[in-house]
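Accompanying notes for the structure given below.
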Amino acid sequence: MLTVSVKWLKEVFPKVEIDTSQPPYVFKCQLYDLTGVPPERQKIMVKGGLLKDDADWATLGVKEGQKMMMMGTADEIVKAPEKGPVFMEDLPEEEQVVALGHTAGLFNLGNTCYMNSTVQCLHSVPELKSALSNYPSQKSSDLDQTSHMLTAATRELFNELDKSVKPVAPMQFWMVCALLLPYLQHFLILLACLSLVPNGIQNYLSVLRKKYPQFGQLHNGVYMQQDAEECWTQLLYTLSQSLRSPSPSQNPDTTKELFGIELVSRVHCQESGEESSETESVYSLKCHISQEVNHLHEGLKHGLKSELEKASPSLGRSAIYLKESCINALPRYLTVQFVRFFWKRESNQKAKILRKVDYPLQLDVYDFCSDDLRKKLEAPRQILRDEEGKKAGLKAKVKSSSSKDNDAKMTDVEGPSNESVKSSNSTSGEGGSSGKESQLTGIYDLVAVLTHKGRSADSGHYVAWVKQESGKWIEYDDDNPIPQREEDITKLSGGGDWHMAYICMYKARAFPV
């Protein structure tokens with residue numbers, strides 16, 4: 469065992485022991501403990517050059533008390549973290565929601581899955597949440613009290629979902645409903661339930677049933693299962709009445725701007741030769757299901773054609789008219805309903821069509837648009853094709869000067885004054901409006917699916933499947949949010965007893981004006 473002194477920079481380490489029975493690498497490890505210089509960075513001068521890790525001490529001639537010099541840069545001293553680890557359960561609930569990547573589920577209060585799934589799908593629309601957040605607490609003079617209560621309850625429920633990771637339960641809705649129940653025992657049942665379930669969803673349910681009594685139907689003292697599509701339609705109708713802006717600088721009808729579809733129809737009677745046209749605004753397209761329908765595109769085509777019987781002025785009696793519709797104005801969010809339920813006369817009850825109907829993650833409705841709307845969609849669609857071509861490594865289509873002039877004119881007619889291609893304002897990270905108008909392309913991406921499981925329209929179970937801002941899909945089975953793979957979403961197409969798509973919601977691909 470030898471003792472030496474080692475000089476490193478301005479420091480001197482006296483009496484450093486060398487165990488000559490061990491290789492020099494062990495000595496370097498000792499110096500690492502003293503100086504913080506890793507062995508691979510150490511340059512130690514000895515007889516014959518630099519000290520190697522596997523050198524033989526006997527041949528180096530190191531003597532007792534010898535002074536040795538070392539060069540090398542020390543590792544940066546690792547500092548202790550200023551803050552210790554924070555566990556998710558210790559974060560405020562708002563931060564837990566962000567970390568988790570999705571919002572809370574909703575308690576089922578007894579056959580209320582139809583409402584829960586509707587709320588979860590609409591809650592995923594940031595522009596709707598932004599409009600609701602600006603809804604005043606004071607009722608306007610031209611709005612009925614129950615519409616105001618339902619809109620305010622929707623706002624509060626959306627806020628509660630955004631701030632909570634634990635399941636939420638709508639209480640005010642049910643409490644208002646209790647005041648309308650004809651039997652005292654129902655009220656007593658209500659009080660027992662209220663002691664078990666938190667506020668949110670009960671509030672919402674009570675107001676919903678007060679506004680629309682059909683959702684409060686009872687059978688043997690138990691609330692009956694209801695149609696999710698009817699709940700969806702009624703809720704949007706109420707919001708269209710309440711979310712109206714008095715300011716001329718803003719769109720007067722937020723709900724119509726987000727979800728409204730303008731249809732122009734040709735109504736023709738082959739027998740009399742009479743022909744007329746009509747325009748209407750709807751909140752969803754219908755996918756009619758028959759033996760010939762295997763895909764959503766085919767079902768939508770069937771849904772835009774229908775026969776109706778009405779009085780013919782020229783014939784002086786009823787006649788059959790053919791109604792053919794096309795889209796004349798597109799929304800920011802396109803809703804499609806699969807017409808799976810129908811009235812079966814033989815059994816005098818609602819029946820369900822189980823046929824498998826495939827639907828895409830990306831839907832192009834250009835073929836269903838009117839000629840005028842198609843012309844207005846051409847320029848934005850060309851931009852989209854060019855952008856996708858760039859991503860694929862292809863050269864963008866070279867435009868002539870006349871084509872550029874046409875594009876300039878197209879931008880003018882597609883501005884805020886044109887309803888056919890006007891989109892909702894683009895949203896910020898907080899779900900607010902950025903104030904920029906955008907052009908629609910007629911191409912939509914799937915963002916939510918509402919499914920029904922079971923063979924009967926008056927029973928079964930509704931579930932919402934919602935795409936998050938991160939791109940991940942979450943299955944909201946009442947109070948239980950479950951992550952899902954995107955490839956599994958299009959498998960909800962029917963054909964058995966499993967969950968099958970009843971309502972699909974698509975979001976428009978758009979470009980800034």
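Read in the numbering used here, the sequence shown has 924 at position 456, and its numbers run on one by one without any break. Cβ coordinates follow ideal geometry from the N, Cα and C atoms, glycine included.
With burial defined as no fewer than 16 other Cβ atoms inside 10 Å of the residue's Cβ, what is the status of residue i: buried or exposed?
i	result
Y705	exposed
T503	buried
S608	exposed
G771	buried
N816	exposed
T541	exposed
L960	buried
L648	Its pLDDT being 33, under 50, L648 is placed unreliably by the model, and nothing is read from it.
N576	buried
V510	According to the sequence as given, residue 510 is Gln; it is not Val. Classification for Q510: buried.
T722	buried
T803	buried
W700	buried
Looking only at DSSP bridge pairs, what is residue i linked to?
i	result
G517	V514
S938	Answer is none; S938 lacks a bridge partner.
V474	F481 and M536
S786	A779
Y582	In the DSSP output, where bridge partners are listed per residue, Y582 has none listed.
P980	S906
R734	S745 and E792
W933	V917 and E943
Y912	L831 and A976
State the Cα-Cα distance for the pair residue i and residue j, rounded to the nearest angstrom.
i	j	result
E739	R785	12 Å
E954	P492	58 Å
E624	S605	11 Å
Q936	M583	20 Å
Q709	A599	13 Å
F806	T919	10 Å
D610	T619	14 Å
I795	T747	10 Å
T488	L519	13 Å
W982	S745	Because the chain here runs from 469 to 981, residue 982 falls outside it and cannot be looked at.
C755	H763	9 Å
S592	V934	7 Å
L776	R813	20 Å
A969	D926	16 Å
W811	S774	18 Å
S780	T958	45 Å
V587	G741	46 Å
S838	G578	45 Å
S758	A978	33 Å
M617	E595	20 Å
P1004	R923	Lying before the first or after the last residue shown, residue 1004 is absent from the chain, which here runs from 469 to 981.
E508	E855	51 Å
P549	D543	17 Å
D524	V514	12 Å
G728	T909	16 Å
Q850	K843	12 Å
Y751	K724	8 Å
D945	R734	42 Å
E760	E943	30 Å
Three-state secondary structure (DSSP) at residue i?
i	result
V494	helix
D630	helix
Q805	strand
D835	helix
Q759	coil
Q613	helix
L707	helix
C972	strand
N602	coil
Y827	coil
W525	helix
R953	coil
A542	coil
T488	coil
K791	strand
E550	coil
I851	helix
L918	strand
Q694	coil
F575	coil
E739	coil
D926	coil
D840	helix
Check whether the region 823-832 and the region 958-976 are in contact - that is, three or more C-beta pairs closer than 8 Å. yes
How do the region 532-546 and the region 474-488 stand: do at least 3 beta-carbon pairs fall below 8 Å, yes or no? yes
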